[in-house]
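2 protein chains.
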Amino acid sequence: MSSQRHWVSPPASLLQPLSVPDRLLLGPGPSNSPPRVLSAGSRQLIGHLHKELIQIMDDIKGGIQYIFQTQNPLTLAISGTGHCAMEAAFLNLVEQGDKVLAAVNGIWGERATDIASRLGAEVHQLVKAPGEYFTLEEIERGLMQHSPFLFFITHGESSTGVVQPLDGLGDLCHRYDCLLLVDAVASLGGTPILMDQQGIDILYSGSQKVLSAPPGASPISFSNRARKKIHTRKTKPISFYLDMEELSAYWGCDGNPRKQNYAHHIKVIKVHNIFGLEISWKLHKENSLYLCAGLQKLGLKLFVKEPDARLPTVNTIFVPEGYDWKEITEYIMKNHEIEVSGGLGPSAGKVLRIGLMGYNSTKPNVDRVLHAIGEALQHCLKNKL
Amino acid sequence: MSSQRHWVSPPASLLQPLSVPDRLLLGPGPSNSPPRVLSAGSRQLIGHLHKELIQIMDDIKGGIQYIFQTQNPLTLAISGTGHCAMEAAFLNLVEQGDKVLAAVNGIWGERATDIASRLGAEVHQLVKAPGEYFTLEEIERGLMQHSPFLFFITHGESSTGVVQPLDGLGDLCHRYDCLLLVDAVASLGGTPILMDQQGIDILYSGSQKVLSAPPGASPISFSNRARKKIHTRKTKPISFYLDMEELSAYWGCDGNPRKQNYAHHIKVIKVHNIFGLEISWKLHKENSLYLCAGLQKLGLKLFVKEPDARLPTVNTIFVPEGYDWKEITEYIMKNHEIEVSGGLGPSAGKVLRIGLMGYNSTKPNVDRVLHAIGEALQHCLKNKL
Numbered sequence: 001m002s003s004q005r006h007w008v009s010p011p012a013s014l015l016q017p018l019s020v021p022d023r024l025l026l027g028p029g030p031s032n033s034p035p036r037v038l039s040a041g042s043r044q045l046i047g048h049l050h051k052e053l054i055q056i057m058d059d060i061k062g063g064i065q066y067i068f069q070t071q072n073p074l075t076l077a078i079s080g081t082g083h084c085a086m087e088a089a090f091l092n093l094v095e096q097g098d099k100v101l102a103a104v105n106g107i108w109g110e111r112a113t114d115i116a117s118r119l120g121a122e123v124h125q126l127v128k129a130p131g132e133y134f135t136l137e138e139i140e141r142g143l144m145q146h147s148p149f150l151f152f153i154t155h156g157e158s159s160t161g162v163v164q165p166l167d168g169l170g171d172l173c174h175r176y177d178c179l180l181l182v183d184a185v186a187s188l189g190g191t192p193i194l195m196d197q198q199g200i201d202i203l204y205s206g207s208q209k210v211l212s213a214p215p216g217a218s219p220i221s222f223s224n225r226a227r228k229k230i231h232t233r234k235t236k237p238i239s240f241y242l243d244m245e246e247l248s249a250y251w252g253c254d255g256n257p258r259k260q261n262y263a264h265h266i267k268v269i270k271v272h273n274i275f276g277l278e279i280s281w282k283l284h285k286e287n288s289l290y291l292c293a294g295l296q297k298l299g300l301k302l303f304v305k306e307p308d309a310r311l312p313t314v315n316t317i318f319v320p321e322g323y324d325w326k327e328i329t330e331y332i333m334k335n336h337e338i339e340v341s342g343g344l345g346p347s348a349g350k351v352l353r354i355g356l357m358g359y360n361s362t363k364p365n366v367d368r369v370l371h372a373i374g375e376a377l378q379h380c381l382k383n384k385l
Numbered sequence: 001m002s003s004q005r006h007w008v009s010p011p012a013s014l015l016q017p018l019s020v021p022d023r024l025l026l027g028p029g030p031s032n033s034p035p036r037v038l039s040a041g042s043r044q045l046i047g048h049l050h051k052e053l054i055q056i057m058d059d060i061k062g063g064i065q066y067i068f069q070t071q072n073p074l075t076l077a078i079s080g081t082g083h084c085a086m087e088a089a090f091l092n093l094v095e096q097g098d099k100v101l102a103a104v105n106g107i108w109g110e111r112a113t114d115i116a117s118r119l120g121a122e123v124h125q126l127v128k129a130p131g132e133y134f135t136l137e138e139i140e141r142g143l144m145q146h147s148p149f150l151f152f153i154t155h156g157e158s159s160t161g162v163v164q165p166l167d168g169l170g171d172l173c174h175r176y177d178c179l180l181l182v183d184a185v186a187s188l189g190g191t192p193i194l195m196d197q198q199g200i201d202i203l204y205s206g207s208q209k210v211l212s213a214p215p216g217a218s219p220i221s222f223s224n225r226a227r228k229k230i231h232t233r234k235t236k237p238i239s240f241y242l243d244m245e246e247l248s249a250y251w252g253c254d255g256n257p258r259k260q261n262y263a264h265h266i267k268v269i270k271v272h273n274i275f276g277l278e279i280s281w282k283l284h285k286e287n288s289l290y291l292c293a294g295l296q297k298l299g300l301k302l303f304v305k306e307p308d309a310r311l312p313t314v315n316t317i318f319v320p321e322g323y324d325w326k327e328i329t330e331y332i333m334k335n336h337e338i339e340v341s342g343g344l345g346p347s348a349g350k351v352l353r354i355g356l357m358g359y360n361s362t363k364p365n366v367d368r369v370l371h372a373i374g375e376a377l378q379h380c381l382k383n384k385l
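Heads up: the sequence lines are chains A and B, in that order. First residue of the first sequence: 1, per UniProt numbering; consecutive thereafter. First residue of the second sequence: 1, per UniProt numbering; consecutive thereafter.
Next comes the structure, spelled out in structure tokens:
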């Protein structure tokens, strides 16, 4: 090599072994992974077209159909995070000028608005205060007023800790010739959602929340009604990477032989699901109730008023008066190696968020975090006497 | 739960432990990962805003700057595969009606054309036969004829096994007020590329090739010239997930305090790089020469005529007369647990591709695959007497 070259040196830190602290992740995600998932992460790779991987993809599809409670053939995992699945949902459905209605009661409705707008949709918002959910009547008024072809709503609003009731919503949307798109990133597996029965047309989630796997493979499913809209598009989706016609051919969702020359790589993750959905929902509910009772015993006030509207996977409390939320979370991280989060978007500065997701939703973890929060409340009071 | 519900059952296979064969991946990627990388894959997760992760991100950035040989501040890893990085490059730069010139001598120029067209660009192609590369004169004629703002070219054409010379290309493009975008998915780390010195404006790669890590984190870098185009866009990029202004804020590339409420998750991968770039380039070259000599000794004909134009990471040979390529690859997979690939796109049916990437580029692996190919040639001849 010529000595005239100005070499950029490698950072010395790359020669050091990777060191990562062992931490209990009780924020709104990621959650910790169980040993079975972690050990799968250390397996050697196989090719993206090997028959064993095709089998694993079929298993993943079946696992997603189970956890979504759907029989939709177009069900697969996106090679990206939950955000990426959100974009995949919009960009396969939306064409320039299409009307979209987004329910906004926290950050995810705002994000959906941003994404759909970038794609050229005419986006209208149905707005409620952070901490509240939408009634069927309110949604019907929005559908009547705006005649959208697509309605977006968040099942588990992780910025506020609200769970959105979904019963009857699919039928309502379909009466107005509208597709129902639901974000279940923070809720899937932790609280009931029944895609086919509730008439949800597009449903997606992430892997690093209740599923307790690393981020990077995100479940998504499309009803036949949604597929029809995709098939009858006038323009190609603006992404090849997330084009459902391409992905569907690779995942064998369209009844044709798999497209073999599709150079898409997927990361293999097996959804951990030992106990079954109903038990998972029950455990998440019980542990959330146990946490909320403990928080109230410490004198803390829950952010979501109605008990039934409380998301069991992300529990929100008001930042108590006389405290700085950041001091509390930093105290707990520093002294207990536990992640607890502040708010996000409209709840920033107002709330603390305690996640109990998947592998992390256990009674011992609740005890640990309650102990840590109690201690933080003693140490972090401002203007102590 | 009500008994009226039609439950979708979990697939029985999900209750089985994951079983993956141990296979030598000598196709065009993915390659096998070394133990150090695999063991990092079994680490517990940490939060996407924890200070340890911020440090790891800075290390990753430094590692990419080293392997790209660039000092660009806007250097980071995309949460997706190489395809996703390709889209990130185009969608941050291209606006409706922008003129793009794509060099097409294999599948990747076609893919670039597809992606840029979806984004509304006016795409022109500069075409050569698969197996050939482009000269500066040919490219200059294309720039003169079409006046594009962006020129796309593939450094390592993995569908044909050609390495594209890059010296002088940046200067040429800049004389025509054009940005230079280079795909180095199949070449990075295996053959020299010097981003700053060669005047490359946008460079990206994947993690599952020479870097020998799992797919899902893809290096990308933008020159200040490219950043300027991004900053002066009239419209927002159509993706939030891949919006470089957002990613740059999260990765701390813009000189401002990091954007803390950015809910993007990244997968931690430490680029393995023990020996240094020059030794890596040298080893890839030596092992490729050793393989090519062995293939010729078996009577096989190399697809790329000029020795200097042969990509050391993906080696291509003509399918020998009297053979079906698929029988050869299946024989080798079945009897030797080695992946060797057929062609892709324009080379489909015509060539066999043998990848020697990163951790897999070793003399013992070459011996193993030569032995397997020799045996396959004896067993797979059609119409045997």
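We put the CB at the ideal spot given by N, CA and C, even for glycine. These numbers were taken from a predicted model, which means no experiment stands behind them.
Query                                                                                                                                                                                : Result
Would the beta-carbon of B:F151 fall within 9 Å of that of B:A102?                                                                                                                   : yes
Could you name the residues of the same chain whose beta carbon sits closer than 6 Å to that of B:G109, not counting the 5 residues immediately before and after it, in chain order? : A102 and A103
What are the residues in the segment 226–249 of chain A lying within 9 Å of chain B by C-beta distance?                                                                              : T235, K236, P237, I238, S239, F240, Y241, L242 and D243
Do B:H146 and B:I193 have their CB atoms nearer than 9 Å?                                                                                                                            : no
To the nearest whole angstrom, what separates the beta carbons of B:L242 and B:L76, a pair I think is in contact under 8 Å?                                                          : Contact flag wrong, Cβ pair sits at about 11 Å.
Would you tell me roughly how many angstroms separate the C-alpha atoms of B:C292 and B:E321, rounded to the nearest one?                                                            : 18 Å
Helix, strand or coil: how does DSSP classify A:I60 here?                                                                                                                            : helix
Unbroken alpha helix (DSSP H) runs of length 4 or more, entirely within the segment 77–122 of chain B: which are they?                                                               : 82–93 and 107–118
So, are the CB atoms of B:S221 and B:I60 less than 9 Å apart?                                                                                                                        : no
By how many angstroms is the C-alpha of A:L370 removed from the C-alpha of A:G294?                                                                                                   : 7 Å
With distance defined between alpha-carbon atoms, name the residue in B:A184, B:D22 and B:G131 nearest to B:Q69.                                                                     : B:A184
In whole angstroms, give me the CA-to-CA distance for A:W325 and A:A217.                                                                                                             : 32 Å
Would the C-beta of A:A184 count as close to the ligand ZN, meaning under 8 Å from any of its heavy atoms?                                                                           : Absence of the ligand ZN from the depicted structure is noted, as is the absence of any ligand whatsoever, leaving it without description.
If we cut at 9 Å on Cβ distances, does B:Y66 have a partner in chain A?                                                                                                              : yes
Does the beta-carbon of B:D167 have 16 or more other beta-carbons within 10 angstroms, so that it is buried, or is it exposed?                                                       : exposed
Helix, strand or coil: how does DSSP classify residue 394 of chain A here?                                                                                                           : Here chain A comprises residues numbered 1 to 385, so residue 394 of chain A is not present and cannot be evaluated.
Could you tell me which chain B residues have their CB closer than 9 Å to the CB of A:N32, listed as they occur along the chain?                                                     : Q44 and L45
How would you write the range of the alpha helix (DSSP H) that B:D367 sits in, first residue to last?                                                                                : K363 to H379
So does the segment 9–26 of chain B actually touch the segment 38–45 of chain A, counting three or more Cβ pairs closer than 8 Å?                                                    : yes
Give the single residue among A:S361, A:A129 and A:A88 whose Cα lies nearest to the Cα of A:P237.                                                                                    : A:A88
Tell me the residue span of the beta strand (DSSP E) that contains A:S218.                                                                                                           : S218 to F222
Helix, strand or coil: how does DSSP classify A:V163 here?                                                                                                                           : strand
Just mark B:I279 as buried or exposed, buried being the case when its beta carbon has 16 or more other beta carbons within 10 Å.                                                     : exposed
From what residue to what residue does the beta strand (DSSP E) around A:G355 run?                                                                                                   : V351 to G355
Going straight from the alpha carbon of B:G199 to that of A:K234, what length do you get?                                                                                            : 39 Å
Give a yes or no on whether the minimum CB-CB distance between A:Q69 and chain B is below 9 Å.                                                                                       : yes
Which residues of the segment 103–134 of chain A have a Cβ closer than 9 Å to any Cβ of chain B? Give them in chain order.                                                           : I107, R111, D114, I115, S117, R118, L119 and G120
Sorted by chain position, which residues of the same chain lie with C-beta nearer than 7 Å to B:G27's C-beta, five sequence neighbours on each side aside?                           : E339, V340, S341, R353 and G355
B:H284 touches chain A at which residues, Cβ-Cβ below 8 Å?                                                                                                                           : Simply none; closest approach about 15 Å.
For B:H284, which three-state DSSP category applies?                                                                                                                                 : helix
Confirm, please, whether the CB-CB distance from A:L302 to A:N315 is below 9 Å.                                                                                                      : yes
Report yes if the C-beta distance between B:D201 and B:G161 is below 9 Å; otherwise report no.                                                                                       : no
Comparing the C-beta of A:P11 with each C-beta of chain B, is any distance below 9 Å?                                                                                                : yes
Suppose the cutoff is 7 Å on Cβ atoms and the five residues either side in sequence are ignored; what does the same chain contact list for B:H379 look like?                         : Y331
Taking the straight line between their C-alpha atoms, what separation do you get for A:P17 and B:A12?                                                                                : 39 Å
Given this structure, state the Cα-to-Cα distance separating B:V163 from B:P73, to the nearest angstrom.                                                                             : 27 Å
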